[in-house]
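A.B. asks:
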Amino acid sequence: MNEPQVPSGNAPPVGRLHTVRRIAVSILVAVITALVLWAGFLFLKESKANPALIAIIAIIWGVGGVALLFWVADYLVNRLPPRAAKKIQPFVFVGPALIILAWYLVVPTLRSLYLSFFDAQSKTFVGLANYVYAFTDPKMRESFVNNLMWIILGTGGSVGMGLIIALLADRSRYEKFFKSIIFTPMAISFVGAGVIWRFIYAYKPVGESQIGLLNAIVTHFGSESQAWITMRGWNNIFLIAILVWLQTGYA
Numbered sequence: 017m018n019e020p021q022v023p024s025g026n027a028p029p030v031g032r033l034h035t036v037r038r039i040a041v042s043i044l045v046a047v048i049t050a051l052v053l054w055a056g057f058l059f060l061k062e063s064k065a066n067p068a069l070i071a072i073i074a075i076i077w078g079v080g081g082v083a084l085l086f087w088v089a090d091y092l093v094n095r096l097p098p099r100a101a102k103k104i105q106p107f108v109f110v111g112p113a114l115i116i117l118a119w120y121l122v123v124p125t126l127r128s129l130y131l132s133f134f135d136a137q138s139k140t141f142v143g144l145a146n147y148v149y150a151f152t153d154p155k156m157r158e159s160f161v162n163n164l165m166w167i168i169l170g171t172g173g174s175v176g177m178g179l180i181i182a183l184l185a186d187r188s189r190y191e192k193f194f195k196s197i198i199f200t201p202m203a204i205s206f207v208g209a210g211v212i213w214r215f216i217y218a219y220k221p222v223g224e225s226q227i228g229l230l231n232a233i234v235t236h237f238g239s240e241s242q243a244w245i246t247m248r249g250w251n252n253i254f255l256i257a258i259l260v261w262l263q264t265g266y267a
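For what it's worth, the numbering used here labels the leading residue of the sequence shown as 17, then goes sequentially.
#1: Just verifying my parser: in three-state terms, what is the DSSP assignment at F141?
#2: Mapping DSSP to helix, strand and coil, what is F133?
#3: Of all the options F194, E224, V161, which has the alpha carbon lying nearest to the alpha carbon of I253?
#4: Report the start-end ranges of each alpha helix (DSSP H) in the region 65-123 that is 4 residues or longer and not cut off at the edges.
#5: Using C-beta distances below 8 Å, list every residue in its chain close to P221, excluding the 5 sequence neighbours before and after it, in chain order.
#6: Any idea what DSSP makes of K155, helix, strand or coil?
#7: Pop quiz: F133 and V142 are said to be a contact at Cβ under 8 Å. What is the actual Cβ separation, rounded to whole angstroms?
#8: Identify which residue in W77, A83, K64 has its Cα closest to the Cα of A55.
#9: Which residue from L51, R99, G81, G265 puts its Cα closest to that of L179?
#10: Could you tell me the alpha carbon to alpha carbon distance between N231 and S239, rounded to whole angstroms?
#11: Under 7 Å Cβ to Cβ from G25, same chain only, skipping five residues before and after it: list those, please.
#12: Evaluate S1 with the Cβ neighbour count: other Cβ atoms within 10 Å of its Cβ, from every protein chain shown; 16 or more gives buried, anything less gives exposed.
#13: With a threshold of 8 Å, are at least 3 pairs of Cβ atoms found where one atom belongs to the region 38-53 and the other to the region 67-74?
#14: Could you please give the first and the last residue of the uninterrupted alpha helix (DSSP H) stretch that includes S174?
#15: Tell me the DSSP secondary structure of T200 in three-state form.
#16: State the Cα-Cα distance for the pair L121 and G223, rounded to the nearest angstrom.
#17: Rounded to whole angstroms, what is the Cα-Cα separation between I167 and L129?
#18: What is the residue span of the alpha helix (DSSP H) that A232 lies within?
#19: Would you call W8 buried or exposed, if buried means 16 or more other Cβ atoms sit within 10 Å of its Cβ?
#20: Give me the Cα-Cα distance between G228 and L255, rounded to the nearest whole angstrom.
#21: My assumption, with CB atoms under 8 Å, is that I73 sits in contact with L60. Please give the rounded CB distance.
#22: Please go through the same chain and pick out, in chain order, the residues whose beta-carbon is closer than 7 Å to the beta-carbon of I198, but skip the five residues on each side of it.
#23: Run the CB neighbour count on L92, radius 10 Å, all protein chains shown included, and call it buried at 16 or more, exposed below.
#24: Just how far apart, CA to CA, sit V260 and G170?
#25: What's the gap between the Cα of P154 and the Cα of A145?
#26: Given this structure, state the Cα-to-Cα distance separating T140 from V148, to the nearest angstrom.
Following this line, the structure appears as structure tokens:
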């Protein structure tokens, strides 16, 4: 009668080998599925068929391919030991989204940072010369100031107005009325808002009939009409007011 063979001290247990084999097969199958999908898109890209037909096939191939990829990944993960599957499964479903975000956001950001140390042709290394130019050129400094104004006043104005109105209108007799006024701009598109505020800021030379609401009020009290959105130093404020009007409801 043969005695059972005992594995040597250096050999991994059979269960561990089986788990490693399953993980390797899972990764291999997922990679093959992704490569097949990628090959399909390359084929469609080089195809000379009708563009509309190619677009329809690409949509079906893309949506169906992604669904197939997730189904294969889920099937393979569920074949792993429960403990390993529990640890791997979140990465299987979140991982592709993180990879896509990294590819379209992180990679271009790092590449832009790298290219910022080269000249306009991205060939000659210039060190910090581009940054020196950016922070010393008057037009660039003006752009930075404008951006800071939009970030600080736009964001701060929207959040601040939202909080103030929420506190004042909370449990008030006219709460529904005031909140409906604040939330109404949220339903207006940017194009619609542009048309509305175009008529508010509309300008006509002195002596002509004013069709802009703001200039009509100003001239009614004896002052001269103003070209509000072209006034240097103030035009940003008047444009930020539109943003605050649109975003206060969100805050």
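Even glycine gets a Cβ: it sits at the ideal position worked out from N, Cα and C.
C.D. replies: Inspection of the coordinates gives the following:
#1: Taking the first residue of the sequence shown as 1, we reach residue 141 at position 125. Three-state DSSP puts F141 in a strand.
#2: Indexing the sequence shown from 1 puts residue 133 at position 117. Secondary structure of F133 (DSSP, three-state): coil.
#3: Here residue 253 refers to the residue found at position 237 of the sequence shown. The candidate whose alpha carbon is nearest that of I253 is V161.
#4: Here the runs fully enclosed are 67-94, 98-117.
#5: For this step, residue 221 is matched to residue 205 along the sequence shown. Excluding residues within five positions, the ones whose Cβ falls inside 8 Å are S241.
#6: As a position in the sequence shown, residue 155 is number 139, starting the count at 1. K155 falls in the helix class under three-state DSSP.
#7: Mapped onto the sequence shown, residue 133 falls at position 117. Mapped onto the sequence shown, residue 142 falls at position 126. Cβ-Cβ separation between F133 and V142: approximately 7 Å, consistent with a contact (criterion under 8 Å).
#8: Here residue 55 is taken as the residue at index 39 of the sequence shown, counted from 1. Residue W77 is the option with its Cα nearest to A55.
#9: As a working note, residue 179 is residue 163 in the sequence shown. Comparing Cα-Cα distances from L179 to each of L51, R99, G81, G265, the minimum goes to G265.
#10: Translated into positions along the sequence shown, residue 231 becomes position 215. Translated into positions along the sequence shown, residue 239 becomes position 223. Approximately 9 Å between the Cα atoms of the pair.
#11: Here residue 25 corresponds to residue number 9 of the sequence shown, with the count starting at 1. Per-residue confidence for G25 stands at a pLDDT of 48, beneath the threshold of 50, marking its modelled position as unreliable; the derived number appears in the next sentence. The beta carbon of G25 sits closer than 7 Å to no other beta carbon from its chain once the five residues preceding and following it are set aside.
#12: Since the first and last residues shown for the chain are 17 and 267, residue 1 lies out of range.
#13: No: fewer than three Cβ pairs fall under 8 Å.
#14: In the sequence shown, the residue the question calls residue 174 occupies position 158. Run containing S174: 171-185, per the alpha helix (DSSP H) assignment.
#15: Within the sequence shown, residue 200 is the residue found at index 184, counting from 1. T200 carries a helical assignment under DSSP once its states are collapsed to helix, strand and coil.
#16: The sequence position of residue 121 within the sequence shown is 105, counting from 1. The sequence position of residue 223 within the sequence shown is 207, counting from 1. Cα-Cα distance, rounded: 53 Å.
#17: The sequence position of residue 167 within the sequence shown is 151, counting from 1. The sequence position of residue 129 within the sequence shown is 113, counting from 1. Distance between the alpha carbons of I167 and L129: 22 Å.
#18: Translated into the one-based positions of the sequence shown, residue 232 becomes position 216. Residue range 229-236 is occupied by the alpha helix (DSSP H) that includes A232.
#19: This structure cannot settle anything about residue 8, because the visible part of the chain is limited to 17 through 267.
#20: Translated into the one-based positions of the sequence shown, residue 228 becomes position 212. Translated into the one-based positions of the sequence shown, residue 255 becomes position 239. Approximately 15 Å between the Cα atoms of the pair.
#21: Along the sequence shown, one-based indexing puts residue 73 at 57. Along the sequence shown, one-based indexing puts residue 60 at 44. The Cβ separation is near 6 Å, so the contact holds.
#22: For the purposes of this step, residue 198 is taken as residue 182 along the sequence shown, with counting starting at 1. The beta carbon of I198 is closer than 7 Å to those of I181, T264, G265 in its chain, skipping five residues each way along the sequence.
#23: For this step, residue 92 is matched to residue 76 along the sequence shown. L92 should be labelled buried.
#24: As a working mapping, residue 260 is identified with position 244 in the sequence shown. As a working mapping, residue 170 is identified with position 154 in the sequence shown. Those two C-alpha atoms are separated by around 6 Å.
#25: As a first step, residue 154 is located in the sequence shown; it is residue number 138 there, counting from the start. As a first step, residue 145 is located in the sequence shown; it is residue number 129 there, counting from the start. Using only the alpha carbons, I get a separation of about 16 Å.
#26: What you label residue 140 is simply residue 124 of the sequence shown in a count that begins at 1. What you label residue 148 is simply residue 132 of the sequence shown in a count that begins at 1. Cα to Cα, the separation comes out at about 16 Å.
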